[in-house]
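So the sequence shown is numbered by our numbering: it starts at 4 and just counts up by one.
Idealized CB from N, CA, C, for every residue including glycine.
Being a predicted model, the structure only gives us computed values, none of them experimental.
Note sheet for the following structure.
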Amino acid sequence: MKKSELFDFDTPVERRGTASMKWEKYKNQDIIPLWVADMDFRSPPAVIRAIQQRAAYGVFGYTLPPEELNQIVISMLQKIYDWSVKPEWLVWLPGLVTGINLACRAVGADGDDVMTAVPVYPPFLSAPGFWRRNLIKVPLKEKNNRWQFDFNRLEQMITEKTRIFILCNPHNPVGRVYTRDELTALAVICNRHDIVICSDEIHCDLILDEDKAHIPTATLDPEVAARTITLMAPSKTFNLPGLGCALAVISEKKLRRQFKNAMAGIVPSPNVLGYAAAIAAFGECDDWHAALLDYLRGNRDTVERAIQQMPPFSIAPVEATYLAWIDMRSAGLKNPAKFFEKAGVGLQDGIEFDGPGFARLNFGCSRSLLDKALERMTAAVEKVSQ
């Protein structure tokens with residue numbers, strides 16, 4: 004029996020009429036939403052039970068980060084990554100995007116530069132401007148059908164005002180799991196130029212290639228750890244984004260103080276049900292997590308096969324995440340997302356990631372729904388090519 008057969012990922016969950024951002028975008032339209040990074044699966048049974056038990060208690064007062072949760076996270080990081088983390092290094096947040104914005108606010112001053120590699124998750128592009136920082140976008144390069152850093156260009160684009168590099172690993176939307184050598188090369192450059200690294204690792208538990216492993220940036224060596232803000236959350240892996248619970252791991256005392264100072268007066272604590280869900284997700288859901296990965300690998304393979312049958316579209320291998328980054332530049336489509344909306348499939352336009360001519364497809368859904376969407380896409384492409 005496949006691991007994915009132990010849990011039901013095949014039965015579609017009806018999300019229409021539930022105020023789902025993903026599904027409300029196309030309310031009353033025959034468009035399958037495969038855009039925002041929100042899976043259509045029910046969360047693990049252990050998470051649902053934990054929320055029900057906490058709700059039954061009936062008191063929802065101000066809540067500190069539970070000591071049990073801190074210990075579960077510390078044990079998890081030690082077990083998976085051989086990363087020894089102290090409780091005081093953990094800073095709990097109401098969401099990972101909040102952490103990205105706080106990092107931009109905490110490091111440097113007005114007019115300083117924030118650097119990232121594009122295409123990338125849209126909040127990386129918007130956060131610097133909210134805090135009066137300038138954004139430097141370094142394009143990833145495609146080589147041997149793989150997205151990679153262009154380290155020479157990256158270092159050439161660093162300015163005397165570059166204070167922080169926002170890293171996405173695994174990289175949304177291109178699906179890369181960066182190797183130790185790649186992360187080390189980036190860290191060496193940041194060390195040389197005294198640049199802090201904000202490492203968004205929210206997809207770290209969604210490694211699809213079984214010959215690859217996630218390496219937290221802060222585990223490279225103590226010097227790198229001292230300039231790294233690591234952001235993690237259970238939200239993507241266990242489908243909990245609506246519960247608002249994430250964390251930062253910051254070992255260096257001064258950097259952690261700057262980060263907490265940036266929070267003061269504007270950032271609320273995670274909500275009590277988010278804490279309960281995180282305890283269950285990190286502590287009781289290994290079997291569900293393994294089954295999810297098995298199912299997502301099948302969905303990933305389904306998408307890659309379908310795109311290969313849609314020339315001139317192409318797709319680099321998706322090593323991690325449940326997101327496919329589809330290259331549609333050769334098709335001559337002025338607006339790929341609008342084109343497929345008319346065909347009944349809602350993708351996310353690459354322009355939002357600084358990747359015009361691309362579209363992102365979320366395959367975190369039932370196989371039957373995914374097949375239906377891919378059939379619509381295939382039919383639309385065949386119609387244009389006739």
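Output yes or no for whether 8 Å exceeds the beta carbon distance between R363 and A327.
Going by C-beta atoms, R363 is nearer than 8 Å to A327.
I'd like to confirm the pairing. Which residues does DSSP put opposite E163 in its beta bridges?
DSSP lists no partner for E163.
So what does DSSP say about Q312, is it helix, strand or coil?
Residue state, collapsed to three classes: coil.
Measuring CA to CA, which of D203, V275, V88 and A130 is closest to L67?
The candidate whose alpha carbon is nearest that of L67 is V275.
Should E163 be labelled buried (16 or more other beta-carbon atoms within 10 Å of its own) or exposed?
With fewer than 16 other Cβ atoms within 10 Å, it is exposed.
Taking contact to mean at least 3 C-beta pairs separated by less than 8 Å, is the region 166–177 in contact with the region 311–329?
Result yes; three or more Cβ-Cβ pairs closer than 8 Å.
Please name the residue in M79, F12 and A109 whose C-alpha comes closest to that of R230.
Among M79, F12 and A109, the Cα nearest to that of R230 is on A109.
Can you tell me which residues form a DSSP beta bridge with C171?
C171 pairs with D203.
Can W150 and R179 be called in contact, C-beta distance under 8 Å?
Result yes, Cβ atoms of W150 and R179 sit closer than 8 Å.
Go through its chain and collect everything with a Cβ distance to W26's Cβ below 8 Å, but skip five positions before and after it.
So the qualifying residues of the chain are R18, R19 and P36.
Of all the alpha helix (DSSP H) runs that stay within the bounds of the region 331–373, which reach a length of 4 or more residues?
339–345, all fully within the region 331–373.
Can you name the residues that DSSP bridges to W328?
Its beta-bridge partners are R363.
Does the region 266–273 come close enough to the region 230–241 that 3 or more CB-CB pairs lie under 8 Å?
Short answer: they don't touch.
Just verifying my parser: in three-state terms, what is the DSSP assignment at Q55?
Reduced to three states, the DSSP call for Q55 is helix.
On the DSSP bridge list, what partners appear for N137?
For N137, which the question treats as bridged, DSSP gives the partners D116.
Does the distance from the CB of I51 to the CB of E344 come in under 8 Å?
It is not a contact, given that the beta carbons lie outside the stated cut-off.
In the DSSP output, what is M235 paired with across the bridge?
M235 pairs with L250.
Measure the C-alpha to C-alpha separation of K341 and T381 and round it to an integer number of angstroms.
Whole-angstrom Cα-Cα distance: 15 Å.
Between the region 235–245 and the region 278–296, can you find at least three pairs of beta-carbon atoms closer than 8 Å?
Verdict: yes, contact present.
Roughly how many angstroms lie between the CA atoms of F356 and G98, to the nearest whole one?
Approximately 20 Å, taken between the alpha carbons.
Could you please give me the residues that DSSP links to S317 through a beta bridge?
D330, per the DSSP bridge assignment.
Only counting the same chain, and skipping five residues up and downstream in sequence, which positions put a Cβ closer than 7 Å to that of I329?
Hits under 7 Å: I310, F316, I318, F361, A362 and L364.
Leaving out the 5 sequence neighbours to the left and right, which residues in its chain are closer than 6 Å to F127 when beta-carbon positions are compared?
Taken in chain order, the residues that qualify are T119 and I169.
Applying the 10 Å Cβ sphere with the 16-neighbour rule, what's the burial state of E204?
Per the 10 Å Cβ criterion, buried.
What do you reckon, are the CB atoms on V2 and L93 nearer than 8 Å?
No answer is possible for residue 2: the residues shown for the chain start at 4 and end at 389.
Out of H217, L209, T222 and E158, which has the shortest C-alpha to C-alpha gap to C193?
Of the listed residues, the one whose Cα sits closest to C193 is E158.
Throw me the rounded Cβ distance for the R45 and D115 pair, which I believe falls under 8 Å.
Contact flag wrong, Cβ pair sits at about 44 Å.
Just confirm the distance between the C-beta atoms of P90 and V121, as a whole number of angstroms; I'd bet it's less than 8 Å.
About 36 Å; that fails the 8 Å criterion.
Rounded to whole angstroms, what's the CA-CA distance from T220 to L243? Just pull it up for me.
Their backbone Cα atoms lie some 24 Å apart in a straight line.
For the putative contact between R379 and V348, defined by C-beta atoms under 8 Å, what is the C-beta separation to the nearest angstrom?
R379 to V348, Cβ: 5 Å. Contact.
Quick one: residues in its chain with C-beta nearer than 6 Å to the C-beta of G117, no 5 flanking neighbours on either side, listed in chain order?
The sequence given here places Val at residue 117; Gly does not occur at that position. Excluding sequence neighbours, V117 sits near C107, P131, R136, L138 and I167.
Just how far apart, CA to CA, sit I218 and L250?
Approximately 17 Å between the Cα atoms of the pair.
Specify, as a first and last residue, the run of the beta strand (DSSP E) that V94 falls within.
Residues L93 to L96.
What separation, rounded to the nearest whole angstrom, lies between the Cα atoms of I354 and F133?
So the alpha carbons of these two residues sit roughly 20 Å apart.
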